[in-house]
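Read top to bottom, the protein sequences are chains A, B and C. For the first sequence, the numbering used here assigns the number 1 to the initial residue and increments by one for each residue that follows. For the second sequence, the numbering used here assigns the number 250 to the initial residue and increments by one for each residue that follows. For the third sequence, the numbering used here assigns the number 513 to the initial residue and increments by one for each residue that follows. Ideal Cβ positions, reconstructed from N, Cα and C, are used throughout, including at glycine. Values in this document were obtained by computation on a predicted structure and should not be read as measured data. A quick write-up on the structure given underneath.
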Amino acid sequence: MSAKKPKITIKNLSKYFDDLVVLDDISFDIYDGEFLCVVGPTGCGKTTFCNVVTRLLPSTKGSVTVGAEAIDFKKHNVSFIFQEPSCLPWRTVWDNVKIGLEIKGYPEPEIRERVQNVLEMTGLTPFKDFFPNQISAGMKQRVAIARAFVTEPDMLLMDEPFGQLDTSTRFSIENSLVRLWEKTKQTVIFVTHNLEEAVYLSERILVLTQKPTKIKSEVGVQHLLHPRDIADPEFVRIRRQVTDLVRWW
Amino acid sequence: MNDKQKEQVKTVLYNILSLIVVAVLWTLFSAWQQSPFFPPPADIWKAFVGLATQGDIEGIGLARHIWASLIRIFAGFAAACALGIPLGLAMGLWPKIYNRTRAVLEPIRFIPPIAWIPMAIVLLVGFSRYAFLIWLGAFFPIFITTLLSVTRVNPVHVNVAKVFGASRSYIIRKIVIPSVLPDIATGMRVGLGIAWMCIVAAEMIGGEMIGVGRLILKYAELIRMGEIIVGMLVIGIIGFLMNEIFIVVEKRVFRWRSEVSID
Amino acid sequence: MDSPLLDVSMSKSFGKIDVLRDIRFRVRPNEFLVVVGPTGCGKTTLGNILSGIDKPTSGHVRIMGEDVNPHIHNISYVLQEPSCIPWYTMMQDVTMGLEIRGVGRAEAVSRGSEVIKLVGLEGYENYYPWQISGGMKQRVAIARAYATSPDLLIMDEPFGHLDAQTRYLMQIEIMRIWEQDRKTVVFITNNIEEAVYLASRILVLTKLPATIKKEYVVDIPRPRDLTDERFLEVRAEITQQCEIVE
């Protein structure tokens, strides 16, 4: 399970666009190896949140630190799985997955070993020489997941990665994700609108408010063992709790 | 034979049919007109054979004309790519430079190559006259397409590399360039087509007696329509072939761009 | 079933590929039928055939005894893609179907106001599509579908492009609208939770070539609770029936 020491600390994070306050003084810790979900009502600025936490967008105030240092792409190992399909179309599955290791200058034999392993774990080995235009949407997101995990990141952020998938594909890929996480124990921040998905995947759920977005509440889910059963009474109870916290409809 | 092959065969047959229909209509029309200005296809064929085997009134064969023109085109085209692609990339990556120089660039872009002829005659001699005019035709399509292709790079792809800590140089080399290559290829193909269409204008002012454009002009003076039409058709057919070959190469090189097949 | 509204018994192939095979079912008047199946199993082809846009390769599709014909029958079809006409205001969009059928302007506007109110968008009559959200655009599509008082309302994954929470809102909305004016609905989706929430009856389709695998009658009283024990039971049962596609 997760260690007590916080791995990533987010402190007083705020983001303004001129006069519009999108993120308002958000502070929380993430523990090493934890699977944290962030949920909020529709329109709560979750994409801004993702972009600011990973530093693709600068924050107006506040800090994101890994250990004691401010987060920096060049120093730290960050992976981001976008909501949009993000496979580079001119690269095969293999070349897509290895790009993070390539950028960070890993030696070729190590790249080969790591990529092979992660392709095994995500069931993509038979497709390693295929181009993205030859595989389905679900497989493309698996490639994105493989690419994100293979660098063993300090922080892995996922922004509603399964939102555009079919429900049955979604269940299958969620299970793959849980199995992959259990094996590798990466620190994951998973942002989603889908409350059932949040309860299915995470150890802890942060609930955000509408804009100006703050943290409303926190719900612990680590006592539920994987694989989880969506009909289990405790699962249902937690899902209801989260739904009531988020509910705006 | 499956449906797709059937459709392909049908397409080819219909194309041949269209050509035959045009030839028949043309023959009928020229028989009706009985004018030296509308030679029937049979006469055009005779003229073609004549030019190919015996050459034109100066004895220069059709093949030599075609070869001379192709050399000129490729020279001008190569120069257009050599300048247009790097300049387009640079201005695409640093758009401020483009935005601040548009007052100079855009008016020049809209001057047709033919309008440059007097200047070309005065300032240049020989081969460079041809190359310059052809370069003008090809440069702007290549330059503008390259420039616009940079703006169409998918920001998600750039972010994928950025998050892993890639340097700007890496992003340009490994993300921007592969992204824009298909668009640049299209720009090049369009540029080549336009350059080829400038060949007549270029050969009007160049000094030499060979070239398909020059061929047309020679026979224009003699009002020999058969040979003129042969020249026109040769230009059209070669342009068409160059375009088709380019497309085939594009499809092969950029096969990652083809239609999605969901497993 | 005596005097069904919709009587379907057909197959459909495209060239050599069988898409729908021996699809047989009937729909009672005022029934909310949901067809569930994985994406790519021919659900959209089914929607196109039921609405008369496409014809079956063999068999028939009959509404009140006659073969489906958009010129005779009053069918409304709501699609997954946003279908609002960009240069029409909401009122113009909603009354489009009526105008096509030759209804006079004043009457059309009156009916338009009625359905705009029905879907909860009162006050937005003069808004353009770019001014409203995705969920609202789908509500406009539903209003447009209701405006012509159709005999049959077909909806093909209408909430597919909406995020999970907006989707919940729309499911509640469509139930509220349907309770007020019980049209006969054939609703197509790949989301089993959505199917169990909405349906009077569920048909489960297989992968290509699609046939009807099983039929369920959902007798949970409305409004339904997504986390209710019985709801989850039915949902689990149907999930098992559907094959997982990758």
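For Gly163 of chain A, the neighbours in chain C by C-beta distance under 7 Å run, in chain order, Asp675. At a C-beta separation below 8 Å, Ala410 of chain B has these neighbours in chain A: Ile99 and Ile103. By the rule that beta-carbons nearer than 9 Å mark a contact, Leu744 of chain C touches chain A. Separation of the CB atoms of Lys128 of chain A and Trp90 of chain A is rounded to 16 Å, and the pair is thereby denied contact status at 8 Å.
Going by DSSP, Leu157 of chain A is part of the beta strand (DSSP E) stretching over Met155 to Asp159. Segment contact: the region 48-64 of chain A against the region 94-108 of chain A, fewer than three CB-CB distances shorter than 8 Å; contact not assigned.
DSSP places Val221 of chain A in no beta strand (DSSP E); its state is neither H nor E. The Cβ atoms of Gly460 of chain B and Ile448 of chain B sit closer than 9 Å to each other.
Excluding sequence positions up to five before and after Leu338 of chain B, its CB lies within less than 7 Å of the CB of Thr395 and Val399, all in the same chain and listed in chain order. Judged by DSSP in its simplified three-state form, Thr213 of chain A adopts strand.
In this structure, the beta-carbon distance from Pro594 of chain C to Lys649 of chain C falls below 9 Å. By the 16-neighbour rule on beta-carbons within 10 angstroms, Gln592 of chain C is buried. At least one CB atom of chain A sits nearer than 9 Å to the CB of Pro550 of chain C.
Proximity of the region 66-86 of chain A to the region 145-157 of chain A meets the contact definition, three or more beta-carbon pairs being nearer than 8 Å.
Per the DSSP secondary-structure output, Arg713 of chain C pairs in a beta bridge with C:Leu545 and C:Val729. Counted as a single uninterrupted DSSP element, the alpha helix (DSSP H) harbouring Ile433 of chain B occupies residues Ile426 to Met446. A distance below 7 Å between beta-carbons, with the five flanking residues on each side excluded, links Thr47 of chain A to the following residues of its chain, in chain order: Asp159. At a cut-off of 9 Å between C-beta atoms, Trp94 of chain A does not count as an interface residue with respect to chain B. At least one CB atom of chain A sits nearer than 9 Å to the CB of Leu430 of chain B.
Cα atoms of Ala272 of chain B and Phe287 of chain B: separation of roughly 12 Å, rounded to the nearest angstrom.
Residues of chain A whose Cβ lies closer than 8 Å to the Cβ of Leu681 of chain C are, in chain order, Trp249. Within chain A, the C-beta atoms nearer than 7 Å to that of Ala748 of chain C come from Ala231, in chain order.
Taken atom to atom, the span from the alpha-carbon of Pro356 of chain B to that of Val402 of chain B is near 27 Å.
For Asn194 of chain A, the closest Cβ of chain C is nearer than 9 Å.
Using beta-carbon distances, Lys423 of chain B counts as an interface residue toward chain A, with a partner under 9 Å. Taking all protein chains shown into account, Ser136 of chain A has 16 or more neighbouring C-beta atoms within 10 Å of its C-beta and is therefore buried.
Residue ranges of uninterrupted beta strand (DSSP E) with 3 or more members, entirely inside the region 598-674 of chain C and ordered along the chain, are 664-668. Secondary structure of Ala231 of chain A (DSSP, three-state): coil.
Ile215 of chain A is positioned such that its CB atom lies closer than 9 Å to that of Phe28 of chain A. Using a CB distance below 7 Å, the part of the region 40-58 of chain A facing chain C consists of Pro41 and Thr42, ordered along the chain.
One thing to note: Glu745 of chain C has its Cβ no nearer than 9 Å to the Cβ of Asn702 of chain C. Judged by DSSP in its simplified three-state form, Leu591 of chain C adopts coil rather than helix or strand.
Of the candidates C:Arg536, C:Pro541 and C:Trp642, C:Pro541 places its Cα closest to the Cα of Arg694 of chain C. Across the region 715-728 of chain C, no CB contact with chain A closer than 7 Å is found for any residue. DSSP places Asp72 of chain A in the coil class of the three-state scheme, outside both helix and strand. Between the alpha carbons of Gly647 of chain C and Lys725 of chain C lies a gap of roughly 32 Å.
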